[in-house]
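In my numbering, the protein residues as written are 6 to 233. Just so you know, even glycine gets a beta-carbon here, dropped at the ideal spot from N, CA and C. Following: one structure in structure tokens, then a few remarks.
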Amino acid sequence: MASRGGPSLTGTVLAREVLSPHLVRLVVGGLDAFESTGVPDEWVPLTVPGQFQTRYYTVRSWSRGELVLDVVVHDHGLVTEWAQTECVGDPVGIGTPKGSYDEPQGARWVVLVGDLTALPAIARIAETTTLPVTAHVETLDGPLPDYLDAGAATVTWLEPPADGSALADVVRGLSWPEGPGYFWMAGESAQMRDIRKHLRRDLGWGPRTHDVMGYWSGARGRVLWSSS
Ligand SMILES: Cc1cc2nc3c(=O)[nH]c(=O)nc-3n(C[C@H](O)[C@H](O)[C@H](O)COP(=O)(O)OP(=O)(O)OC[C@H]3O[C@@H](n4cnc5c(N)ncnc54)[C@H](O)[C@@H]3O)c2cc1C
């Protein structure tokens, strides 16, 4: 998903760390004016040097004017290619944050599903909510238990099939906890469309019970992954 909205703040990349073969952590500083929404899946539009288009990234955490963004390394794209360079010291644009996660009153459980692009939000939601969390994360990098606080969630780490993502099948096969709860999911758009239909048509769920977001579209090009 891309946006042409202009950045409202300019920050500087203070640090770059490879967390796993397909995940690079960037710390962006100089953002004293950043005001978090407090919504745990909050994202910002990011503009990298030499570009005018933005791409959305989840705020994994923020503190004293510094934002932590975790960027998935894939084959080609404005941000992914830039994030694989020595980008420390580069200026970046950070737009207005937004969030979508909205636990309904009375929910007794949370189920989270996503690919590596969703992991920052999954971790932040799991670390924030007071409800018991079960998560299913599809990643080419194997289990990444240190990525989120110990005990924040019961996580199942899934290997994706060679030709993309199987998250829609994963959700169709889930046994849902008893009673009212909240389901949040993000990843490749076609998988998300499939699951929205399943929840509404097959399970008869109303809109307040779930939030399913397409984070990127495989249809815009071949989805190829590369190691850094
Ligand atoms: C609300 C929201 C929050 C998000 N949070 C994060 C986050 O925290 N971390 C993160 O890494 N991403 C996140 N994303 C996804 C990210 O915005 C997209 O993956 C984006 O397209 C990456 O931009 P790019 O410039 O690297 O590639 P683009 O120039 O947008 O795309 C180039 C090509 O790469 C393909 N592509 C794009 N993303 C992927 C991918 N992940 N895997 C394989 N192929 C891909 C496209 O189909 C296209 O063909 C989020 C998206 C949304 C909507």
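{"Item": "DSSP three-state call for Arg277: helix, strand or coil?", "Value": "Outside the shown range of the chain, which is 6 to 233, sits residue 277, and nothing can be said about it."}
{"Item": "Of all the CB atoms in chain E, is at least one closer than 8 Å to the CB of Ala191?", "Value": "Going by chain labels, chain E is absent from the structure shown, which holds only one protein chain."}
{"Item": "Is there contact here, the region 90-108 with the region 45-61, by at least three beta-carbon pairs under 8 Å?", "Value": "yes"}
{"Item": "Could you pull the start and end residues of the beta strand (DSSP E) that Leu28 belongs to?", "Value": "28-34"}
{"Item": "Suppose contacts are defined by Cβ-Cβ distances below 8 Å. Is Asp234 in contact with Glu132 by that definition?", "Value": "For the chain, the structure presents residues 6 to 233; residue 234 sits outside this window and is missing."}
{"Item": "Might you give, ordered along the chain, the residues of its own chain that have their beta carbon closer than 6 Å to the beta carbon of Pro150, omitting 5 neighbours on each side?", "Value": "none"}
{"Item": "By how many angstroms is the C-alpha of Gly98 removed from the C-alpha of Tyr62?", "Value": "12 Å"}
{"Item": "Is Gly223 helix, strand or coil by DSSP?", "Value": "helix"}
{"Item": "At what residues does the beta strand (DSSP E) containing Gln140 begin and finish?", "Value": "According to the sequence displayed, residue 140 carries Ala and not Gln. Segment 138-143, the beta strand (DSSP E) holding Ala140."}
{"Item": "Look at the alpha carbon of Thr96 and the alpha carbon of Gly34, and state the distance between them as a whole number of angstroms.", "Value": "In the sequence on display, residue 96 carries Pro and not Thr. In a straight line, the C-alpha of Pro96 is about 10 Å away from that of Gly34."}
{"Item": "Would the beta-carbon of His79 be found less than 7 Å away from any heavy atom of ligand 1?", "Value": "yes"}
{"Item": "At the level of alpha carbons, what is the spacing between Glu143 and Val29?", "Value": "17 Å"}
{"Item": "Quick one: what's Ile127 bridged to in DSSP?", "Value": "Bridge partners of Ile127: none, in fact."}
{"Item": "Our contact map puts Asp120 next to Leu204 with C-beta atoms below 8 Å; I'd like the distance itself, whole angstroms only.", "Value": "So it is not a contact: roughly 18 Å between Cβ atoms."}
{"Item": "Pick out the complete beta strand (DSSP E) segments inside the region 79-125, 3 residues or longer, and give them in chain order.", "Value": "96-99, 115-120"}
{"Item": "Answer yes or no: do Gly16 and Leu36 have a C-beta to C-beta separation smaller than 8 Å?", "Value": "yes"}
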